[in-house]
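**Student:**
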Amino acid sequence: MQIVKDHGPITGESIAEKLNLTRATLRPDLAILTMAGYLEARPRVGYFYTGKTGSQLLADKIKKIKVEDYQSIPVVVNENVSVYDAIVTMFLEDVGTLFVVDDEALLAGVLSRKDLLRASIGKQELTTIPVNIIMTRMPNVAVCYKDDPLIEVAERLIEKQIDAMPVVRKTEKGYEVIGRITKTNMTKAFVALAKDDLL
1 MQIVKDHGPI TGESIAEKLN LTRATLRPDL AILTMAGYLE ARPRVGYFYT
51 GKTGSQLLAD KIKKIKVEDY QSIPVVVNEN VSVYDAIVTM FLEDVGTLFV
101 VDDEALLAGV LSRKDLLRAS IGKQELTTIP VNIIMTRMPN VAVCYKDDPL
151 IEVAERLIEK QIDAMPVVRK TEKGYEVIGR ITKTNMTKAF VALAKDDLL
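UniProt numbering applies: residue 1 is where the sequence shown begins, and numbers increase by one.
1) Pairs of beta-carbons, one from the stretch 92-109 and one from the stretch 30-46, closer than 8 Å: are there three or more?
2) Could you name the residues that DSSP lists as bridge partners for Gly8?
3) Cα separation between residue 203 and Leu150?
4) Just checking, does the stretch 115-130 make contact with the stretch 78-85 on the three C-beta pairs under 8 Å criterion?
5) Assuming Arg180 contacts Pro74 under a Cβ cut-off of 8 Å, what Cβ separation, rounded to an integer in Å, is found between them?
6) Report the rounded CA-to-CA distance for Asp163 versus Val67, giving the unit in angstroms.
7) Pick out whichever of Leu116, Leu126, Asp60 and Lys160 has its Cα sitting closest to the Cα of Thr182.
8) Leaving out the 5 sequence neighbours to the left and right, which residues in its chain are closer than 7 Å to Ala142 when beta-carbon positions are compared?
9) Need the endpoints of the beta strand (DSSP E) that Pro139 sits in, please.
10) To which residues of the same chain is Gly174 closer than 7 Å at the C-beta, ignoring the five residues directly before and after it?
11) Buried or exposed: where does Phe99 fall if 16 or more other Cβ atoms within 10 Å of its Cβ makes it buried?
12) Can you tell me the Cβ-Cβ gap for Asn185 and Ser112, rounded? I've got them flagged as a contact below 8 Å.
13) Under a CB-based cut-off of 8 Å, is Glu172 close to chain B?
14) The beta strand (DSSP E) that contains Arg42, what's its start and end?
15) Do the CB positions of Val110 and Thr136 come within less than 8 Å of each other?
16) Assign Asp115 to buried or exposed, taking buried as 16 or more other Cβ atoms, counted over all protein chains shown, within 10 Å of its Cβ.
17) Please report the distance separating the alpha-carbon of Asp103 from that of Val177.
18) Taking the alpha carbon of Asp60 as the point to measure from, which residue in Tyr84, Met35, Val76 and Tyr70 has its own alpha carbon closest?
19) Does the Cβ of Met90 have 16 or more other Cβ atoms within 10 Å, making it buried, or fewer, making it exposed?
20) Please report how far the alpha carbon of Pro144 lies from the alpha carbon of Lys63, in whole angstroms.
21) So, is Ile158 buried or exposed, given that buried needs 16 or more other C-beta atoms within 10 angstroms?
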């Protein structure tokens, strides 16, 4: 990298010459430095230093990650199911958020653990209360799209203090739920980035 910094743009042959190596020996190292973003290669010009630090390259990598790269399968319930059934679904599916859909399978609202806990305090008969009474309704539900940058969705989760967001597809009638993004998905992305950086 120092040779490229000092003499760039410089050909692979010239770098190999300065290091007393063959071009073939140097090729894998140049490929790694180019893929990592430290160097750039231009045909018939040579290699030059990009000037980017490790943290800038990591930031660039993070900005390229899309929601669809880490989204998971959504867990949905119909707006007419009982609070009791929603609690059972949440436990069976081991999720913290349920997405509520109407009879046309369009997003109607969201149910969190807190919503279900709040509804279960007291002496109400949970099998007779439909979830549409206690859910957070559209349009007060934060949504995201599969091609949204994951970092922006993470910022919105933090800002709104929520655990999950539905990934939606916009239709003429409303939003169709096609996935979910959660704090766990964010953690997976973070771990994958760290592992990539160590390789």
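Using N, Cα and C, we set each Cβ at its ideal position, and we do this for glycine too.
Quick caveat, the model's predicted, so the values are computed rather than measured.
**Tutor:** Quick answer:
1) no
2) DSSP output for Gly8 lists no bridge partner at all.
3) Outside the displayed span of the chain (1 to 199) sits residue 203, for which this structure offers no information.
4) yes
5) 4 Å
6) 15 Å
7) Lys160
8) Arg156, Lys160, Ile162 and Met165
9) Where Pro139 is concerned, there is no enclosing beta strand (DSSP E), given that its DSSP letter is neither H nor E.
10) Leu106 and Leu107
11) buried
12) So it is not a contact: roughly 17 Å between Cβ atoms.
13) The question asks about chain B, but that chain is absent: this structure has only one protein chain.
14) Leu39 to Arg42
15) yes
16) buried
17) 13 Å
18) Met35
19) buried
20) What sits at residue 144 in the sequence shown is Cys, not Pro. Answer to the nearest angstrom: the Cα atoms are 16 Å apart.
21) exposed
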